[in-house]
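Residue numbers (my numbering): 13 to 489.
What follows is a single structure, written as structure tokens, with notes after it.
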Ligand SMILES: Cc1cc2nc3c(=O)[nH]c(=O)nc-3n(C[C@H](O)[C@H](O)[C@H](O)COP(=O)(O)OP(=O)(O)OC[C@H]3O[C@@H](n4cnc5c(N)ncnc54)[C@H](O)[C@@H]3O)c2cc1C
């Protein structure tokens, strides 16, 4: 397999840039096996759509792009679909929709590849992550004697490992996912007085996600549930146009302009106090097809995101930490609550807090989504043994550049939440922590590493990010 000419590679967020020595666009499994044979003593990483914000795709060795692996095959039972690793989720959803089917769970956008999304535990709200729904995978890896081979993994601990592997087990060639009959989602946006009011509505709105609004610190619930029948509301088309134009474009443009270009804290404040309330229509209750309703155009404006998952029992203190620290970062005189201060003192991070005071003004709604427990080893909502608990993903997004002030605050939040609240960071988003710090958060991590050693004895699929964030070994690139 001949590499094509190499060029610089950049991820969606623009924070990862590198130039691999070799870039490959294989057309079939034989091509992939030849690449593995050729690079058995080097480093191989795979790129999907490049939408993750960490160094997962980075390599100075060989970079493989599976964009030609896009075959979609629905199984006769109509409950499973086998998909080429490089197929974009949007293409798969469109294919399924034409046949009255869909995926049980998707994220906010559909531009990712199927393998990229499952590799990192991509999730929506109210269901498991996409990784949980993987029924089997075909993966190119190394055998005991170091020869390249294709394995089909469909059961046991190996399946729990490949479902979310951050590319550490090999080159995923094909993913078989569960699919379900198409369903419709009924939704509205409604202001809630506090977190209790949001959570009180969770049982009635199982697909709910909610936002903690910076500056006002009010709660906005995106109340969502599966509609009793598949009937589109009369105003669904108008609602789609409203959401695209008002929320996805104009509101984001306003935030980008005021926070990133003008750097005006006062104007951002005005957006959240005056403009956002008049853009929300709580009386609009709209039903539409799931894949239209659940997706947004978050990919229109470049940004950087970190996302921390916390178990249900620590959601409340986690949101207290997030809002208190962001307020102290915004206003140097802000007094954090006693509970949050105790956590910071227990970690000996009081000086670090002083350093970030007044250094960064957060300007984007903090989205919180519930993710059901996954049957995986290391996805963020993975569960272990009999333990079955829901996790809540708390997302922090910035549109400002340079990103260092945001990153300093996000690192502080990540450290505090991981060490005192059992948080886990999203494998596809910005991740400032090293493996030592996350060791205790993932009971399945030792089993995962042992399986990696069986699929990749020489560590060919490891790069610096994986060494630092997952394996806790010395940099290797
Ligand atoms: C605008 C935007 C919105 C987002 N919304 C959400 C959301 O709602 N929910 C959520 O959970 N996440 C979300 N994400 C994160 C995104 O889903 C993940 O980062 C996902 O991994 C991106 O998929 P990708 O195809 O771009 O993969 P890449 O970023 O290209 O790769 C991700 C990882 O998977 C590995 N990989 C990719 N393909 C293969 C393969 N064939 N074999 C082995 N390893 C492979 C890569 O090496 C890398 O480590 C969002 C990202 C963006 C930019």
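Even for Gly, the Cβ is constructed at its ideal location relative to N, Cα and C.
First through last residue of the beta strand (DSSP E) which encompasses residue i
{"i": "residue 367", "result": "Careful: residue 367 lies outside any beta strand (DSSP E), inside the alpha helix (DSSP H) at 362-368."}
{"i": "residue 77", "result": "74-77"}
{"i": "residue 234", "result": "231-238"}
{"i": "residue 405", "result": "403-410"}
{"i": "residue 221", "result": "221-224"}
Cβ-heavy atom distance, residue i to ligand 1, below 8 angstroms
{"i": "residue 65", "result": "yes"}
{"i": "residue 124", "result": "yes"}
{"i": "residue 471", "result": "no"}
{"i": "residue 23", "result": "yes"}
{"i": "residue 388", "result": "no"}
{"i": "residue 141", "result": "yes"}
{"i": "residue 311", "result": "yes"}
{"i": "residue 59", "result": "yes"}
{"i": "residue 103", "result": "no"}
{"i": "residue 268", "result": "no"}
{"i": "residue 165", "result": "no"}
{"i": "residue 161", "result": "no"}
{"i": "residue 158", "result": "no"}
{"i": "residue 97", "result": "yes"}
{"i": "residue 264", "result": "no"}
{"i": "residue 408", "result": "no"}
{"i": "residue 69", "result": "yes"}
{"i": "residue 481", "result": "no"}
{"i": "residue 120", "result": "yes"}
{"i": "residue 317", "result": "yes"}
{"i": "residue 132", "result": "yes"}
{"i": "residue 170", "result": "no"}
Whole-angstrom distance between residue j and residue i, CA atom to CA atom
{"i": "residue 402", "j": "residue 199", "result": "22 angstroms"}
{"i": "residue 349", "j": "residue 336", "result": "7 angstroms"}
{"i": "residue 455", "j": "residue 177", "result": "15 angstroms"}
{"i": "residue 33", "j": "residue 74", "result": "6 angstroms"}
{"i": "residue 432", "j": "residue 164", "result": "39 angstroms"}
{"i": "residue 131", "j": "residue 59", "result": "11 angstroms"}
{"i": "residue 292", "j": "residue 204", "result": "13 angstroms"}
{"i": "residue 128", "j": "residue 206", "result": "36 angstroms"}
{"i": "residue 37", "j": "residue 251", "result": "40 angstroms"}
{"i": "residue 290", "j": "residue 258", "result": "11 angstroms"}
{"i": "residue 172", "j": "residue 407", "result": "25 angstroms"}
{"i": "residue 22", "j": "residue 62", "result": "7 angstroms"}
{"i": "residue 226", "j": "residue 307", "result": "23 angstroms"}
{"i": "residue 287", "j": "residue 261", "result": "14 angstroms"}
{"i": "residue 379", "j": "residue 449", "result": "24 angstroms"}
{"i": "residue 489", "j": "residue 239", "result": "A caution first: residue 489 carries a pLDDT of 44, below 50, which makes its placement in the model unreliable, though a value can still be read off. Using only the alpha carbons, I get a separation of about 49 angstroms."}
{"i": "residue 230", "j": "residue 320", "result": "20 angstroms"}
{"i": "residue 241", "j": "residue 453", "result": "40 angstroms"}
{"i": "residue 123", "j": "residue 185", "result": "18 angstroms"}
{"i": "residue 272", "j": "residue 412", "result": "4 angstroms"}
{"i": "residue 497", "j": "residue 391", "result": "Only positions 13 to 489 of the chain appear in the structure, and residue 497 is not among them; the question remains open."}
{"i": "residue 55", "j": "residue 106", "result": "35 angstroms"}
{"i": "residue 126", "j": "residue 366", "result": "43 angstroms"}
{"i": "residue 254", "j": "residue 263", "result": "11 angstroms"}
{"i": "residue 475", "j": "residue 481", "result": "10 angstroms"}
{"i": "residue 270", "j": "residue 121", "result": "24 angstroms"}
Boundaries (first-last residue) of the alpha helix (DSSP H) holding residue i
{"i": "residue 128", "result": "126-131"}
{"i": "residue 302", "result": "302-305"}
{"i": "residue 106", "result": "101-109"}
{"i": "residue 168", "result": "168-175"}
{"i": "residue 253", "result": "248-254"}
{"i": "residue 421", "result": "416-433"}
{"i": "residue 339", "result": "327-342"}
{"i": "residue 91", "result": "Residue 91 -> no alpha helix (DSSP H), and no H or E assigned at all."}
{"i": "residue 460", "result": "457-467"}
From the options, residue whose alpha carbon lies closest to that of residue i
{"i": "residue 342", "options": "193, 420, 88", "result": "420"}
{"i": "residue 416", "options": "368, 460, 393", "result": "368"}
{"i": "residue 437", "options": "461, 405, 457", "result": "405"}
{"i": "residue 202", "options": "297, 307, 115", "result": "297"}
{"i": "residue 382", "options": "373, 393, 212", "result": "393"}
{"i": "residue 169", "options": "388, 281, 160", "result": "388"}
{"i": "residue 214", "options": "107, 161, 138, 166", "result": "138"}
{"i": "residue 461", "options": "105, 24, 174, 184", "result": "174"}
{"i": "residue 472", "options": "159, 90, 122", "result": "159"}
{"i": "residue 430", "options": "470, 339, 322", "result": "322"}
{"i": "residue 86", "options": "104, 79, 28", "result": "104"}
{"i": "residue 427", "options": "439, 412, 444, 440", "result": "444"}
{"i": "residue 465", "options": "95, 154, 233, 270", "result": "154"}
{"i": "residue 150", "options": "143, 140, 161", "result": "161"}
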